[in-house]
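Protein chains in written order, with our numbering: chain A, 1 to 228; chain B, 1 to 228.
Here a beta-carbon is modelled for each residue, glycine too, at the ideal position from N, C-alpha and C.
One structure below.
Protein chains: 2
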Amino acid sequence: MNKIDDTSWSRDAIAADLERAIHEHRLPPGTKLGEDDLAEAYGISRTIVRAALLALSHRHLVQLRRNRGAFVAQPTPREAREVFEARSLLEPRTAHSAALRMTEADLALLNANIRDEHAALDAGENGRALLLSGQFHLEVARIADQTTIEAVISELISRSSLIIALYWRRRAALCETQAHHALLDAFARKDGAAAEELMKNHLLDLVASLDLRNVAPPPASLREALQR
Amino acid sequence: MNKIDDTSWSRDAIAADLERAIHEHRLPPGTKLGEDDLAEAYGISRTIVRAALLALSHRHLVQLRRNRGAFVAQPTPREAREVFEARSLLEPRTAHSAALRMTEADLALLNANIRDEHAALDAGENGRALLLSGQFHLEVARIADQTTIEAVISELISRSSLIIALYWRRRAALCETQAHHALLDAFARKDGAAAEELMKNHLLDLVASLDLRNVAPPPASLREALQR
DNA sequence: GGGCGCAAAGTTGTATACAATACTGTCCCG
DNA sequence: CGGGACAGTATTGTATACAACTTTGCGCCC
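This is the structure we're talking about:
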């Protein structure tokens, strides 16, 4: 209903649209994604919606429960740790490669990204800021020219957004843009080793800002029941 | 037709069955996977088949071409390099963790795996040997108790099987089991550093045994035309 | 005889109808 | 008054019908 139904939405377009909404915390963890609702919203049949939800479930952004429907995923503390563990294996080395391949155009793009993120934060658009923050990391992987790793990181970043929604402790907004700024400096100097180290510490800081005590499943079934 | 249709196949069961067939090189790269054919083979409607094919396409094992159908993926040399690049970022450290957590039961399982692989090679069942070889790597990730990384590695291993089908240069069968045996020794000693180094070199050896010159796309559209 | 165009067949894309399962509220019984 | 069973409602699972597109083969024209 709030979606533009001028053109017909493709499966991938719907999946991307939903992923963005999840990433921006417009669809919080546990939200029920009813097939009829989505079909009506996008002006298409359930067939396409189901395919899109299946795609998102493969990215661990949506949990499918047989005969019960699709819900925005709710990563456990364990899953949260694992996601950042995987990122810490992939992203520092990727940042290293990216630093060595960095061009002026790439630097400008990353710089614009940081600026936009800051603007979003000032405007109170936290969801949009989080999305831009993720895009910064994704852009680094793209610059490293590693399509396969980029795809993996893309999924991990989106999952990280869900993790932040559930386990974020204190608002360390400044920390974020600061870390990205420091990375940008290393990139500008084409200092691979520094970029690698900065990325590694950045990810460690991110995990440190989470509260992953095992009392996690409160939003699990309780919230889900209320959500609908 | 050759499939058992006693019980009804689920989407995931079909996807797993197809993935196994691809992994074992029973379905070589470029093979057309017609929806009607599969639906008849498994005794279900195209609905489920389409969902399974969509799932496999998300694992990069199947390439979907709009209005043309599904084909077993044909990784490019570049993609091949990237897959092993990703594996070399993930698996050595994972082997390290696995070594530290190794139990007697785990060792027995890995040992049995190597034995089975050897038996398969002796029997000339190369596809089965390749599957078992992949399972060895997957088992290591499981032992490391990293579900998320395990899922990523699982996909990369299956893709590696496609890469081997396309770019394998010489049969270095012995090398394979030798490397796994050396890893097993390190695991038995709970020597994480050694396991990490062995895994790293094992993956380098694998890439070295490939012929990734950019004359790759011969099997691309030519073979696809003949295949059907 | 070669090349273009059109028509027919086959395959995939999408929507919809129906079946199966889970949820909700009510009624009856203890 | 509380608990359990049952029926109604709603939602998801699967199959099928139809539409759109691609491919293929034939025929006509140049």
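Query raised in the report: At which residues does the alpha helix (DSSP H) containing G134/B begin and terminate?
Result: N126 to I143
Query - Proximity below 8 Å, CB of E91/B to CB of H137/B - result: yes
Query raised in the report: Looking at chain A, which residues of the stretch 41–67 of chain B have a Cβ within less than 7 Å of any of its Cβ atoms?
Result: A51, L54, A55 and H58
Query raised in the report: Nearest to L132/B by CA position, among A141/B, I114/B, T147/B and V140/B, is which residue?
Result: I114/B
Query raised in the report: Which ranges does the alpha helix (DSSP H) cover as unbroken runs of at least 4 residues, wholly within the stretch 54–113 of chain B, from first to last along the chain?
Result: 77–101
Query raised in the report: With 16 other CB atoms within 10 Å as the buried threshold, where does R50/A fall?
Result: buried
Query raised in the report: Cβ atoms of L107/B and A194/B: under 8 Å apart, would you say?
Result: no
Requested in this report: Report buried or exposed for E104/B, applying the criterion of at least 16 other Cβ atoms within 10 angstroms of its Cβ.
Outcome: exposed
Query raised in the report: Contact between the stretch 146–154 of chain A and the stretch 67–83 of chain A: three or more CB pairs below 8 Å?
Result: no
Report task. Quick one: grab the DSSP three-state call for L162/B. Result -> helix
Query raised in the report: Anyone know if the C-beta pair for V72/A and L27/A falls short of 8 Å?
Result: yes
Report task. Could you tell me the distance, in whole angstroms, from the CA atom of S97/A to the CA atom of V62/A? Result -> 32 Å
Query raised in the report: Among Q146/A, L166/A and L18/A, which has the Cα closest to the Cα of R93/A?
Result: Q146/A
Report task. Please work out which residues of its chain come closer than 6 Å, Cβ to Cβ, to L54/B, disregarding the five sequence neighbours upstream and downstream, and give them in chain order. Result -> none
Report task. Look at the Cβ atom of A15/B, then the Cβ atom of L56/B, and state whether they are nearer than 8 Å. Result -> yes
Requested in this report: Return no unless some Cβ of chain B is closer than 8 Å to the Cβ of H137/A.
Outcome: no
Report task. Give the secondary structure of K200/A by DSSP, where H, G and I count as helix, E and B as strand, and everything else as coil. Result -> helix
Report task. Identify whether L33/A lies in helix, strand or coil by the three-state DSSP scheme. Result -> strand
Query - Short-range partners of chain B found in the stretch 84–95 of chain A, where Cβ spacing is below 7 Å - result: E85, A86, L89, L90 and R93
Query raised in the report: Listed from N- to C-terminal order along the chain, which residues in the stretch 68–81 of chain B have their beta-carbon within a distance smaller than 7 Å of any beta-carbon of chain A?
Result: E79
Query - Contacts of T148/B in chain A (Cβ-Cβ under 7 Å) - result: E79, E82, V83 and A86
**Report entry** Contact belief for K32/B with M102/B at Cβ below 8 Å, rounded distance in angstroms
**Finding:** Going by Cβ atoms, the distance from K32/B to M102/B rounds to 43 Å, so no, they are not a contact pair.
Query raised in the report: Can you give the beta carbon distance from E155/A to H60/A, rounded, assuming they're within the 8 Å contact cut?
Result: 7 Å
Query raised in the report: Given a threshold of 16 other Cβ atoms within 10 Å of its Cβ, counted over all protein chains shown, does A119/B qualify as buried or as exposed?
Result: exposed
Query raised in the report: Looking at the C-beta of A216/B, does it have a partner C-beta in chain A at a distance below 8 Å?
Result: Because A216/B carries a pLDDT of 47, less than 50, the predicted location of this residue cannot be relied on, and no value is offered for it.
Query raised in the report: Can E196/B and A95/B be called in contact, C-beta distance under 8 Å?
Result: yes
Query - Sub-8 Å separation of L183/A and E139/A beta-carbons - result: no
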